[in-house]
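Structure first, commentary second.
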Amino acid sequence: MAAQLNSSSNAKEGATNVDVEALSSNRTVASLRTENTFYARYENELIMQYKRTNFAGGFWYRSLLIIKGAIEYHDVFKVVEGIVYGTSLLRQAVAFSSDYQRGKRAAVRIFKLLLRKPKVIVDNNSGMKLKSLEGKVQFNN
4 MAAQLNSSSN AKEGATNVDV EALSSNRTVA SLRTENTFYA RYENELIMQY KRTNFAGGFW
64 YRSLLIIKGA IEYHDVFKVV EGIVYGTSLL RQAVAFSSDY QRGKRAAVRI FKLLLRKPKV
124 IVDNNSGMKL KSLEGKVQFN N
């Protein structure tokens with residue numbers, strides 16, 4: 004419990020440091036247009052605390068449902084495992100989605116290349132044929 008409180012305090016302290024840094028030099032931040040950078044840093048300081056808070060809220064709500072008899076405790080475990088498994092699969096699928104899109108674009112380019120009609124037809128023997136060819140080649144340094 005003490006570790007959780009200490010972690011929460013550290014997260015708030017880090018976010019406060021970013022906040023103070025941005026506010027104390029607000030003219031510089033505005034002139035360099037780095038508001039989004041400070042916002043991202045502030046958000047990153049609090050992201051783990053948000054996750055822990057959501058996790059704790061989920062436990063509280065599940066225990067409330069069990070106490071009121073709205074759901075049995077073994078069903079809670081089934082739901083939690085289903086959510087964890089589903090999000091794990093979703094995370095893996097999303098990780099490969101950019102590669103999938105790049106592969107689709109590459110396949111489209113390959114098919115365009117294969118279906119392209121050449122400007123010069125090499126199999127055709129018609130056209131002008133030279134009887135003789137003469138010339139000089141001179142190489143310079």
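Going left to right, the sequence shown walks through residues 4 to 144 as the working numbering numbers them. Backbone N, C-alpha and C fix where the C-beta goes; we use that ideal spot for every residue, glycine too.
{"query": "When the distance is taken between beta carbons, is Y45 closer than 9 Å to V21?", "result": "yes"}
{"query": "Say whether the segment 68 to 86 touches the segment 36 to 55, bearing in mind that this needs 3 or more beta-carbon pairs closer than 8 Å, one atom from each stretch.", "result": "no"}
{"query": "Going by beta carbon distance, what residues of the same chain come within less than 7 Å of F114, once the five residues before and after it are set aside?", "result": "none"}
{"query": "Helix, strand or coil for R30 per DSSP?", "result": "helix"}
{"query": "How far does the alpha helix (DSSP H) with T40 in it reach, from first residue to last?", "result": "E38 to K71"}
{"query": "For the alpha helix (DSSP H) that contains F80, what are its first and last residues?", "result": "Y76 to L118"}
{"query": "For A18, collect the residues of the same chain with a Cβ closer than 8 Å to its Cβ; drop the 5 residues on either side in sequence, then sort them by chain order.", "result": "Y45, E48 and L49"}
{"query": "Work out the CA separation of V111 and N143 for me, nearest whole Å.", "result": "46 Å"}
{"query": "Would you kindly work out how many angstroms separate the C-alpha atoms of A59 and R65, rounded to a whole number?", "result": "10 Å"}
{"query": "Would you report the Cα separation of K107 and K134, rounded to the nearest angstrom?", "result": "50 Å"}
{"query": "Exposed or buried, what is A73 when buried is set at 16 or more other beta-carbons lying within 10 Å of its beta-carbon?", "result": "exposed"}
{"query": "Apart from the five residues just before and just after L136, which ones in its own chain have a Cβ nearer than 6 Å to its Cβ?", "result": "none"}
{"query": "Between the alpha carbons of P121 and N128, how many angstroms are there, rounded?", "result": "16 Å"}
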